[in-house]
Each structure stands twice: as C-alpha cells, then as structure tokens.
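Input: a single structure, listed below in structure tokens.
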Amino acid sequence: MSNGLRAWLLDWPAHPLALAQCEVIEAIEDPEVHRVPTGTGWFGAVLFWRDQLLPLALSHEQALDGMTIVVVAYQKEPRAPLEYAAIGVQGAPRQFDVPLDADCEPPADCPLAHEHLRAFFRYQDRTVAVPELQRWFAPAAVNA
Amino acid sequence: MSTTDPHDSLEEDLFAPSGPMPDTPTEGFVLCEFDGVTIAVPQSDLVTIEHGNELSAPLPGEPVIGWFNSPQGPWPVHALDQRLRALTEQPATGAYLVFVRSQPWPSGLLCERVRIVRASSELTIQPLPAVLRDPASPIGGIARLDKRTVAWILDEGRLAAHLAAVTSNDEWNNERWHE
C-alpha cells in the first residue's frame, strides 16, 4: 500500500536512496567527470554540468563504468536559490510509490552520517535511505 | 570562459634552462603531468626544470626516489601517484624534474610532461565546491585544459609543503620504507 507519494529510487552502491521528484534534475548519459586526486570518502569527484562545477558523490573505489550520474537540486533554506550536486548510481533512476508505514531503523552498515539522513523505510525487501541533501553536500565544517 | 588552449602554444616554448631560473616571480603556471593527472604549480614556486634521467640512487630509508646533482649540491626528487601519494620507487615514465622552492633546498617532482602557462589568465580557474575543500589537500581549484583534461590548481607554496608532508609522516617512514 502506498501513501500516494511518488519519488525517485536511486541504486546508490551502499543502499538505495529515495529522493523527492523535485530533487532529481537530470541523469547524465555522457558525464564529464574528474576524480579529485585528494578526494576522500564519498566526495572523490567533480562533474562539469551546464558550465557549472558540481560536487559528485562518487568514491575513489567506485568504477565509473556502468554508473549513471544524477544531478540533484536542493535549497540551503526555504526560498534560497537552488544548489546543484551529483550522485553516482547504478542504472537509471526510476519512479516508485513510497510505501505507507514502512519506516525502519537505519542499517548498521549505513555509510552516511545520521545527520545527513531524513528517514529510512523498507521497500521490496531493501532498506531505502532518504538523504538530507543540503546537509550531505554541505562543507564538513558546517556538519561538524 | 577562456578560449585559449594551452596545448597549442606551450610545447615549444618550454625549457630547458641550464640552471636555476631568475628569481623573478611570474603569474603563470607550470603544468606537471604524471600518472594520468595534471597539477598546475604557480610559476613563482619554480626554481628550475631539468631532465630526469640522471638521478643518484637514494640510500636505504631516504624518503626520496633519487637525488639530482645540482651545481649547488644534491637536491631531493620525489614522485607522486594520481592521488598525490608519494611513490617509494622511481617510476619508469618520468622524464622531467620540476624543482620548487623549499627549505633547506629545492624539492623536485618527477613528471612525464611539463608545460608552461605564461599567464594565469590562460586558464579558467574554478574553486573546488565547498564540500570538496580540504585544508590538508594542496588542491584549491580546477581548470579545464580541454574537453577531457583538467589541471588541479595548487596555490603558492603548496607543492613543496605537500611533498614535505607526504614524505615525512609516520605512515611513509614506518609502513612504506621499512617494509
């Protein structure tokens, strides 16, 4: 049973992510990606997109082959201008109906900090994370 | 965005100076290529560029890949991989040595290709997105060289500081050189 809410499901390597429809802007077929030599953790690359340089959540351990680069948008606060970033995922994003009453605890192996997440829920026998994009892509000093 | 392609004009006006360059700061960059990565080092950091085929071998435990015999004495030479980590052995592909100012003597970086960008205006430099900025990293920005190639911009003094950091820490001394 769904709650009538449609969202995007992204097969992020660690576990699936759910993003609101307004947060997913574009899936890039031929992305111009550059790995940052000294990048650490999930922020190991940048994407040139429409003359903008975006941070790309793609670790050095992830191969680019078979990955889809998805541009996402968020606001730092209500009515603030849109900020853009990118996430490397497996396959194409797909829309789905968010299930009702399926909230669950975060999995023990979740690589994202709790403050970067809004919620978790179960969907098709998998735990799906709902990231808080403005915190995930904020500088570490802001998150600290 | 700049329309100047630094590939077009830089090959022939490169070096090699026979000795240290005049002590005149310039506003351009030295593009240093190694292991599939290009870094842009401020020309004001540059001491000299030399050919890299005549290095003296290091003694066991020395955190260098070799020593360059300059007229002023031996200068240390280092090599980095594509993640700017220090290599413990001289790679087969390096042909040029880029020496930058450091104390007590210049520090050298082994490179496969070296090009000069005479004016910083030839590069369109963008700062790294805030989430990617790391005070411990020497990289402060990025500049597109062509559709598939970028140079990672190092601020003044950062290459020498980075070479010193990655060749003097405990990990280097304890895990790499004493294996």
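Chains A and B are the protein sequences, given in the same order.
Counting in our numbering, the first sequence runs from 747 upward without gaps.
Counting in our numbering, the second sequence runs from 864 upward without gaps.
All residues carry an ideal CB built from backbone N, CA and C; glycine is no exception.
Contact list for residue i against chain A, beta-carbon separation under 7 Å
i	result
Val994 (chain B)	Phe789, Pro801, Phe883, Ala884, Pro885
Ser984 (chain B)	None at all; the shortest Cβ gap to chain A is about 18 Å.
For residue j and residue i, the rounded distance between their alpha carbons
i	j	result
Thr887 (chain B)	Ser907 (chain B)	A caution first: Thr887 (chain B) carries a pLDDT of 47, below 50, which makes its placement in the model unreliable, though a value can still be read off. For Thr887 (chain B) and Ser907 (chain B), the distance between alpha carbons rounds to 7 Å.
His860 (chain A)	Thr956 (chain B)	45 Å
Ala760 (chain A)	Ile815 (chain A)	15 Å
Pro762 (chain A)	Ala819 (chain A)	18 Å
Phe931 (chain B)	His941 (chain B)	10 Å
Pro926 (chain B)	Gly785 (chain A)	24 Å
Tyr830 (chain A)	Leu800 (chain A)	7 Å
Val904 (chain B)	Val1013 (chain B)	13 Å
Phe789 (chain A)	Thr951 (chain B)	27 Å
Ser890 (chain B)	Glu807 (chain A)	Reading the sequence as shown, one finds Glu at residue 890 (chain B) and not Ser. Answer to the nearest angstrom: the Cα atoms are 36 Å apart.
Val874 (chain A)	Arg868 (chain A)	6 Å
Ala809 (chain A)	Phe794 (chain A)	18 Å
Met884 (chain B)	Pro934 (chain B)	At Met884 (chain B), the pLDDT of 46 sits below 50, so the modelled position is not reliable; the number obtained from the coordinates is stated separately. Distance between the alpha carbons of Met884 (chain B) and Pro934 (chain B): 13 Å.
Ala858 (chain A)	Glu1019 (chain B)	Contrary to the premise, residue 858 (chain A) reads as Leu rather than Ala in this sequence. The straight-line gap from Cα to Cα measures roughly 35 Å.
Val770 (chain A)	Val817 (chain A)	6 Å
Val792 (chain A)	Val782 (chain A)	7 Å
Val910 (chain B)	Pro1001 (chain B)	19 Å
Asn916 (chain B)	Ser983 (chain B)	30 Å
Val779 (chain A)	Ile833 (chain A)	11 Å
Ala773 (chain A)	Leu804 (chain A)	15 Å
Ile979 (chain B)	Leu947 (chain B)	20 Å
Pro967 (chain B)	Ala884 (chain A)	39 Å
His914 (chain B)	Ala1023 (chain B)	19 Å
Proximal chain B residues relative to residue i, where beta-carbon distance stays under 9 Å
i	result
Thr873 (chain A)	By Cβ distance, chain B contributes nothing, its closest Cβ being about 25 Å from Thr873 (chain A), past 9 Å.
Proximal residues of chain A, C-beta to C-beta of residue i below 9 Å
i	result
Trp1015 (chain B)	His780, Val782, Pro783, Thr784
Val893 (chain B)	Near Val893 (chain B) there are no residues of chain A at all, since even the closest Cβ is about 17 Å away, more than 9 Å.
Identified DSSP bridge partners for residue i
i	result
His780 (chain A)	A:Val792
Glu829 (chain A)	A:Tyr820
Gly924 (chain B)	None, per the DSSP bridge assignment.
Pro939 (chain B)	B:Trp930
Arg872 (chain A)	A:Tyr869
Gln836 (chain A)	A:Asp757, A:Met813
Chain A residues whose Cβ lies nearer than 8 Å to that of residue i
i	result
Val977 (chain B)	Chain A residues near Val977 (chain B): none, gap ~18 Å exceeds 8 Å.
Arg946 (chain B)	Pro783, Thr784, His806
Ile1002 (chain B)	Val782, Pro783, Thr784
Val900 (chain B)	Pro783
Residue interval of the beta strand (DSSP E) (run including residue i)
i	result
Leu1026 (chain B)	Taken as a continuous stretch (DSSP letters only), Leu1026 (chain B) belongs to no beta strand (DSSP E), being part of the alpha helix (DSSP H) at 1021-1029.
Gln798 (chain A)	798-803
Trp930 (chain B)	929-933
Ala903 (chain B)	900-905
Arg946 (chain B)	Where Arg946 (chain B) is concerned, there is no enclosing beta strand (DSSP E), given that its DSSP letter is neither H nor E.
Arg976 (chain B)	976-980
Gln989 (chain B)	988-990
His914 (chain B)	909-914
Trp758 (chain A)	Run containing Trp758 (chain A): none; DSSP gives neither H nor E here.
Gly1003 (chain B)	1002-1009
Thr1012 (chain B)	1012-1017
Glu772 (chain A)	770-774
First and last residue of the uninterrupted alpha helix (DSSP H) at residue i
i	result
Trp882 (chain A)	879-882
Listed by chain order, chain B residues near residue i by CB distance under 8 Å
i	result
Val792 (chain A)	Leu991, Pro992, Leu995, Ile1005
*For the 8 Å Cβ check, are there 3 or more pairs between the region 954-966 of chain B and the region 850-857 of chain A?*
no
*Between the region 922-929 of chain B and the region 1007-1027 of chain B, are three or more C-beta pairs nearer than 8 Å?*
no
*Any chance the region 965-978 of chain B sits against the region 894-901 of chain B, with 3 or more Cβ pairs inside 8 Å?*
yes
_Inter-stretch contact at 8 Å, needing at least 3 Cβ pairs: the region 991-1002 of chain B / the region 762-777 of chain A_ = no
*Count the CB pairs spanning the region 1017-1033 of chain B and the region 834-848 of chain A that are closer than 8 Å, and state whether there are at least three.*
no
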